[in-house]
Amino acid sequence: MPRVNIEPQLAPAASQPLLAQIHQAFGATPNMFKAVANSPAALQSMWAAFGALGKGTLGAKLGEQIAVAIANRNRCEYCLAAHTVLGQNAGASSAEMSAAQVGQASDAKTAAALAFALKVVEQRAQIADADVTSLRQAGFGDEQIVEIMAHVALNLFTNYINVALDVPVDFPKVALK
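Residue numbers for the sequence shown follow the numbering used here, so the first one is 2 and each next one is one higher.
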């Protein structure tokens with residue numbers, strides 16, 4: 002049972018326009034956004050971050066692969082389910098999303114990004130020069146390296162919201178690994 006309100010009609014008035022945008026974008030309002038809507042500032046921050054990163058240079062597929070890896074690591078069933086669907090919508094196969102869930106990929110560039118993202122999460126950003134060098138050797142530049150960090154930060158935010166507030170999963174469930 003959620004630990005905060007997830008009834009959109011009970012969200013503050015300042016959240017209502019963003020909830021309408023979210024509903025239009027998804028065709029429904031995912032429970033995570035309903036929970037975050039309790040704070041108009043948090044909802045605005047989250048929605049803006051999704052929008053900005055959606056226009057980034059990494060591409061939607063890699064962004065979703067990073068998201069499922071982090072969700073699995075943080076045991077966030079909500080984000081694992083949501084980002085698996087979004088990843089498949091972005092062109093990833095179910096096998097690619099399943100591999101990404103455990104930080105693996107068949108291509109070296111994606112594998113490097115997933116390994117880096119998971120290392121940042123697991124070591125709380127206490128990484129070494131060699132970790133960034135590995136990304137560069139895989140073909141990532143400064144823009145993409147910073148963007149990977151932004152994806153990590155956004156996914157930590159969403160994972161923590163969903164886990165801490167016990168937000169009910171409203172996407173097809175995916176088993177944690």
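Beta carbons: idealized from backbone N, C-alpha and C, even for Gly.
In the three-state reduction of the DSSP assignment, V175 falls in the coil class.
Runs of the alpha helix (DSSP H) lying entirely within the stretch 19-106, each at least 4 residues long, are 32-37, 41-55, 61-74, 78-90, 95-102 in chain order. Per DSSP, reduced to three states, the secondary structure at A126 is coil, with no helix or strand assignment. Here R76 is exposed. Its C-beta has fewer than 16 other C-beta atoms within 10 Å. In the DSSP annotation of this structure, the continuous segment of the alpha helix (DSSP H) that includes A151 starts and ends at 143-165. In this model, R137 and S94 are separated by some 26 Å (Cα to Cα).
Here Q66 really is in contact with A106; their C-beta atoms are around 7 Å apart, less than 8 Å. Taking 9 Å as the cut-off, the Cβ atoms of A12 and N39 count as close. Residues of the same chain with a CB within less than 8 Å of the CB of L81, apart from the 5 flanking positions on each side, are V69, A72, N73, Q102, V175, L177 in chain order. Distance check between W48 and each of A61, I23, D143, G64 places I23 closest, using alpha-carbon atoms only. Annotation: A61 to L44 spans about 21 Å, alpha carbon to alpha carbon. Counting only the Cα atoms, T111 lies some 14 Å from D132. By the CB criterion at 9 Å, G104 and L119 fall inside the cutoff. Counting other Cβ atoms within 10 Å of its Cβ, T134 stays below 16 and is therefore classed as exposed. When secondary structure is reduced to three states using DSSP, D132 falls in the helix class. Taking C-alpha positions only, Q127 is separated from N160 by approximately 20 Å.
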